[in-house]
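Asks:
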Amino acid sequence: MKLSLDIHGVIDYKPEIFSFISKSVIASGGEVHIVTGGSWREELIELVKKSGVVWTHHFSVYDYLKGIGAKEDGKIQFPDGTIQRKFESELWDSIKGKYCIEMEIDLHIDDTEAYCKYFTTPFLLFKSGDDLEKLSHIDLINSSNVTKKI
Ligand SMILES: [Mg+2]
Numbered sequence: 015m016k017l018s019l020d021i022h023g024v025i026d027y028k029p030e031i032f033s034f035i036s037k038s039v040i041a042s043g044g045e046v047h048i049v050t051g052g053s054w055r056e057e058l059i060e061l062v063k064k065s066g067v068v069w070t071h072h073f074s075v076y077d078y079l080k081g082i083g084a085k086e087d088g089k090i091q092f093p094d095g096t097i098q099r100k101f102e103s104e105l106w107d108s109i110k111g112k113y114c115i116e117m118e119i120d121l122h123i124d125d126t127e128a129y130c131k132y133f134t135t136p137f138l139l140f141k142s143g144d145d146l147e148k149l150s151h152i153d154l155i156n157s158s159n160v161t162k163k164i
């Protein structure tokens, strides 16, 4: 079993659920992939560690796109206040799906429905139940009134 988990809006909203699931998967011989838009920096690693979630692999959309020299297009703000450069939306939205195909992930859990169309891997849309008024990130440049979940 290869499970991949988003961080913002998923792990950080219900850490007790994903801590239990991730430990169960790894204890059963499976893999847990942290698949996030955020840069894999100390602050983000600490956030995951504090959540109690364990993992075998990690992948950052931001770090990947930066690494291949993709063109930047605006900025986003995560719920923790971190501001990060972003990339062209269709490219950004498609990367998690491609990663899951390449890594032969069995199930991806995410709170951003827009990513679904790029997935052939089973995709479980997560709603924590108490976050309906919250947004996972805010696009700071491309529109002042339109927000988009990541
Ligand atoms: Mg998210």
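Heads up, the sequence shown is in the numbering used here, so the first residue is 15 and it goes up one at a time.
Positions of the beta carbon are idealized from the N, C-alpha and C atoms, including for glycine.
Computed from a prediction, not measured in an experiment: that's the story for all the values here.
Mind reading off the beta-carbon distance from E104 to D87? Whole number of angstroms is fine, and I expect it under 8 Å.
Replies: E104 to D87, Cβ: 10 Å. No contact.
Asks: Pull up the CB-CB distance for H122 and S42, whole angstroms please, since I reckon it's below 8 Å.
Replies: Between H122 and S42 the beta-carbon gap is near 18 Å, outside 8 Å, which marks them as no contact.
Asks: Which class does L154 belong to by DSSP, given the choice of helix, strand or coil?
Replies: coil
Asks: Output the distance between the C-alpha atoms of K131 and E56, rounded to the nearest integer angstrom.
Replies: So the alpha carbons of these two residues sit roughly 31 Å apart.
Asks: May I ask whether a heavy atom of ligand 1 can be found less than 8 Å away from the beta carbon of G111?
Replies: G111: no, Cβ never under 8 Å from ligand 1.
Asks: State yes or no: is the C-beta of I35 within less than 9 Å of the C-beta of W69?
Replies: no
Asks: Could you check what DSSP says for S74 in three-state terms: helix, strand or coil?
Replies: strand
Asks: If we count the other Cβ atoms within 10 Å of its Cβ and call it buried at 16 or more, is G23 buried or exposed?
Replies: buried
Asks: Between which two residues does the alpha helix (DSSP H) harbouring D107 extend?
Replies: It spans S103 to E116 - the alpha helix (DSSP H) in which D107 sits, taken as one unbroken run.
Asks: For ligand 1, any of its heavy atoms closer than 8 Å to the Cβ of V24?
Replies: yes
Asks: Using only alpha-carbon positions, find the residue among L138, G81, T135 and L61 that is nearest to P93.
Replies: L61
Asks: Give the range of the beta strand (DSSP E) segment to which K16 is assigned.
Replies: K16 to L19
Asks: Do G143 and ligand 1 come close, with the Cβ less than 8 Å from some heavy atom?
Replies: no
Asks: Looking at I21 and ligand 1, is the gap between the Cβ and the nearest heavy atom below 8 Å?
Replies: yes
Asks: In whole angstroms, give me the CA-to-CA distance for S33 and L138.
Replies: 17 Å
Asks: First and last residue of the beta strand (DSSP E) that includes F92?
Replies: Counting along the chain, F92 falls outside any beta strand (DSSP E), and DSSP gives it neither H nor E.
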